[in-house]
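Protein chains in written order, with our numbering: chain A, 8 to 381; chain B, 8 to 381. Glycine residues also receive a C-beta, built at the ideal position from the N, C-alpha and C atoms.
Protein chains: 2
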Amino acid sequence: MFETNRPPTIRDVARAAGCSVATVSRVLNGKSNASAAARDRVVTAAEALRFRFSETGRALQSSRTRVIGVLVPSLSNPVFAAAIDGAEAVLRRAGYQVLLVCGNYDAAQEAAAVQTLLARRVDGLILTVSDAAASAALDEARAEGLPVVLLFNEAGPGDSSAACDNAAAAGEIARALLASGHRRIALLAGRFTSSDRSRRRYLGLSTALVAAGAPEPVLLEVDYRDEDHSAALAELLDQRPDLTALVCSNDMLAIAVMAGLRSLGLRVPQDLSVVGFDGIAIGTMLAPSLATIAIPNADLGREAARLLLASLGQRHTAIGSNQAGPPRARTLPHQFRPGGSLSRARTDVRCGRYNARSDAHPPTSCHMNLENDP
Amino acid sequence: MFETNRPPTIRDVARAAGCSVATVSRVLNGKSNASAAARDRVVTAAEALRFRFSETGRALQSSRTRVIGVLVPSLSNPVFAAAIDGAEAVLRRAGYQVLLVCGNYDAAQEAAAVQTLLARRVDGLILTVSDAAASAALDEARAEGLPVVLLFNEAGPGDSSAACDNAAAAGEIARALLASGHRRIALLAGRFTSSDRSRRRYLGLSTALVAAGAPEPVLLEVDYRDEDHSAALAELLDQRPDLTALVCSNDMLAIAVMAGLRSLGLRVPQDLSVVGFDGIAIGTMLAPSLATIAIPNADLGREAARLLLASLGQRHTAIGSNQAGPPRARTLPHQFRPGGSLSRARTDVRCGRYNARSDAHPPTSCHMNLENDP
DNA sequence: ATGAAAGCGCTAACAA
DNA sequence: TTGTTAGCGCTTTCAT
């Protein structure tokens, strides 16, 4: 009555079925051959005891856990949620479980999280790190000789990855903006130290604008954790009233920025155009809808899982070798998605003073032609 | 050169340090006393080998995995992401890791997912199930005698839970609507079979409306997976042009509904008021902002984790007992959050025909007084 | 202070 | 066809 309810072990089943543990293992694993009689007794006993193999025991004996460690910066960005969903589905169908950890856009936390995954002896890793080019977490994983696939991070020569071409995608934003007459553009970006994607998007945007003869974009790095960017926005727009478009390094930020602009009494897209990056579903439901780069986030997760499974397969095939096949970098296609948040650039400069706390006075416009750059 | 890189074991460290595995264990776990000399040799050897205890070995010997299984319906609803974040932080600080699985709002998938968690021998479970009153997943967990805390599901007598009072919260929506003159109200709800929260919210809304002498709300159950509810919305509004307010059983749905209304050429809140439920951050960034019930989602996750840790503690204290302390149901406070999506009810009925595919003709209004109910 | 050895649950090699 | 047993990595008791 008052005993600690330890789960039944294979020995309990063997005892109840009147056979050895080997027979139980064979029957319940569908291996080799067992007499119909034994089979029956084992199955019956197992069901009666509600027996379930201990994955711990199996892991110890086989030195494979059938667990994949997944590290993402955060769960509160739907981009990562979608990618995890995709990866998890593929891995589950292959018999793997996902041990999920968050790095919170912080290299130290990422390294600590990977440590815990390594201690759990995960069979492989899918990682989104702050900066793939200098990541303690990634170094640890590599040192362990474990199959690793980067997700969202574009891999260097030695690593596998599933990502999009951030710079090229940002270039498409530049083209779309230029086509609508924008030249005075700012990028609100998550801190580069927290996200190499953010940095690449900046470089891609900047390069494309300059190549087209437009000025470099103004850069404003913001913290991923903040939700209210009104103050930073106000200062930026105060200093640069000539800006006609704001690009945001991701859609969540873009949504916050649109809200911030609204609270400053500015209209999107009449006063300022806004473009995001990621293509999260909610962007299409906004008014105005969010112009953005659509990334196949769930597909990226699926692809990362597939690459990892491939490594895992080779690893077991190529006996005596630590090689998991050559690294494979998969780049999935992006697509510019038009939206109501992007319209033709104003040709006059905003010069009215607006106030973050007052929504009574929308800014006035004065006719100061901007057609020629400095 | 070509050897499979098995992680070093405690025996490797012992050999390198010239001592027994027991000494290594003691030193590296900071237990009892070891000579300074031995200590040094062990630490040095461990570092040189990059040794890390195998949690698999530890789990097998201690029959505790230090892993908590967490089941949620989906990652794509920020509500669950926030709760997971909260729970994970509390658990991590207590030395536990989270094994996350998704049930996809489906009882069968939930049961299968819990099976995998039980096979991993998790030390405890935090579950959000479709229907806590009839859940195979929950039954399995209970049968295993494992500490379980329900999250978002309001527990029955025997279970622990961290939830809000869904019916009471829905009652507050009713009050807010009535105060603004609404009486003809519909609820768009996630399928009751997929969410007992959805059902309770319906009951709470209905009860409060009827108690106030208003008609029962029209109920429209929708699938959580769908993103476009325009067709269902169009049909509903066609049949019931007298409706003045739409309540949605969660914020994500409300956002989709607002987008759907817009595509039907209807304005929020002028033509219809919309109220959500959950209080996700994005709701405050919309135009109009979303009126809703704010739930402390991250706190719910934290609280679930705390309750579970308490059970775990008692479980180890009360030797020889399977009791994990009495079940504790924690109800966290909700709060109505006003928003631009809710305004005073129209007093005329929409009678113009609108078309889902045409945004050219906003519906006309005809003056047909609705003050007296049938 | 240190070591030897049992045992946690399981699989697979080997014996019968 | 079935059973016996070693061993996966670790902690802990019991000797020494």
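| query | result |
| --- | --- |
| Please report the Cβ distance between A:ALA181 and A:LEU216, rounded to the nearest whole angstrom; I am assuming they are in contact, meaning their Cβ atoms lie under 8 Å. | 5 Å |
| If you count every other CB in all the chains shown that lies within 10 Å of the CB of A:ALA261, and 16 or more means buried, which is it? | buried |
| Locate the alpha helix (DSSP H) running through A:ALA43, then write down its first and last residues. | 43 to 56 |
| List the endpoints of the continuous beta strand (DSSP E) containing A:THR338. | 336 to 339 |
| Mark B:THR371 as exposed unless 16 or more other C-beta atoms lie within 10 angstroms of its C-beta, in which case mark it buried. | A caution first: B:THR371 carries a pLDDT of 40, below 50, which makes its placement in the model too unreliable to give a value. |
| Any beta-carbon of chain A closer than 8 Å to the one on B:LEU243? | no |
| Give the residues of chain B in contact with A:PHE60, contact being defined as C-beta atoms less than 7 Å apart. | ALA126 |
| Exposed or buried, which one is B:SER205 when buried takes at least 16 other CB atoms within 10 Å? | buried |
| Between B:GLU234 and the rest of its own chain, which residues show a CB-CB distance below 7 Å, the 5 nearest in sequence each way excluded? | ALA263 |
| Mind listing, in chain order, the continuous beta strand (DSSP E) runs of no fewer than 3 residues lying wholly within the segment 145 to 204 of chain B? | 155 to 158, 167 to 171, 192 to 197 |
| Near A:ALA53, what residues of its chain come up, given a Cβ to Cβ distance below 7 Å and the 5 sequence neighbours on each side ignored? | VAL20, LEU35 |
| Could you tell me if B:ALA245 is buried or exposed, where buried requires 16 or more neighbouring beta carbons within 10 angstroms of its beta carbon? | Just to set this straight, residue 245 of chain B is Asp in the shown sequence, not Ala. Label assigned to B:ASP245: exposed. |
| Beta carbon of B:SER296, beta carbon of B:SER350: below 8 Å? | no |
| What are the boundary residues of the beta strand (DSSP E) that includes B:LEU227? | 225 to 229 |
| Please report whether the beta-carbon of A:ASP92 lies at a distance below 8 Å from any beta-carbon of chain B. | yes |
| With 16 as the cutoff for other CB atoms within 10 Å, does B:PRO164 come out buried or exposed? | exposed |
| Give the interface partners of B:ILE262 over in chain A, defined as CB-CB distance under 9 Å, in chain order. | ILE289, MET292, LEU293 |
| Once the 5 residues before and after B:GLY327 are set aside, which same chain residues still bring their CB inside 7 Å of it? | Note on B:GLY327: pLDDT 45, under 50, position unreliable in the model; no value is reported. |
| 8 Å is my cut-off, CB to CB: does B:ARG18 come that close to chain A? | no |
| Using a Cβ-based criterion (distance less than 7 Å to any ligand heavy atom), does B:ALA96 qualify as near the ligand ADP? | In terms of ligand content, the structure shown is empty, and the ligand ADP therefore cannot be addressed. |
| Would you identify the three-state DSSP class for B:VAL108, choosing helix, strand or coil? | strand |
| Figure out for me which residue from A:ARG353, A:HIS341, A:ALA352, A:ALA119 has the closest Cα to the Cα of A:CYS171. | A:HIS341 |
| If you measure between the beta carbons of B:ALA66 and A:THR63, is that distance less than 8 Å? | yes |
| Buried or exposed: A:SER42, going by 16 or more other Cβ atoms within 10 Å of its Cβ? | exposed |
| Could you check if B:ALA186 is buried or exposed, using at least 16 other CB atoms within 10 Å of its CB as the buried criterion? | exposed |
| Run the CB neighbour count on A:ASN257, radius 10 Å, all protein chains shown included, and call it buried at 16 or more, exposed below. | buried |
| Would a check of beta-carbon distances place B:ALA266 closer than 8 Å to chain A? | yes |
| Under 8 Å by Cβ, that's how I've got B:SER137 and B:ASP113 pegged, so tell me the actual separation to the nearest angstrom. | 7 Å |
| Going by beta-carbon coordinates alone, are B:ALA174 and B:ARG207 separated by less than 8 Å? | yes |
| Which chain B residues are close to A:VAL281, counting only those with a beta carbon under 7 Å from its beta carbon? | Correct list: empty, because the minimum Cβ distance to chain B is about 12 Å. |
| Spatial neighbours of B:ARG360 within its chain, please: CB distance less than 7 Å, with the 5 preceding and 5 following residues excluded, ordered by chain position. | Legend: pLDDT at B:ARG360 = 37, less than 50; position of this residue unreliable, no value from coordinates given. |
| At least one CB of chain A closer than 8 Å to the CB of B:LEU107: is that the case? | yes |
| What are the partner residues of A:ARG280, as DSSP defines its beta bridges? | Here the sequence assigns Ser to residue 280 of chain A, which means Arg is not the residue at that position. DSSP lists A:ALA252 as partners of A:SER280. |
| Looking at chain B, which residues of the segment 129 to 156 of chain A have a Cβ within less than 8 Å of any of its Cβ atoms? | ALA150, GLU151, GLY152 |
| For a contact defined as C-beta to C-beta under 7 Å, what are the partners of B:GLY64 on chain A? | LEU67 |
| For B:ASP130, does the three-state DSSP call read helix, strand or coil? | coil |
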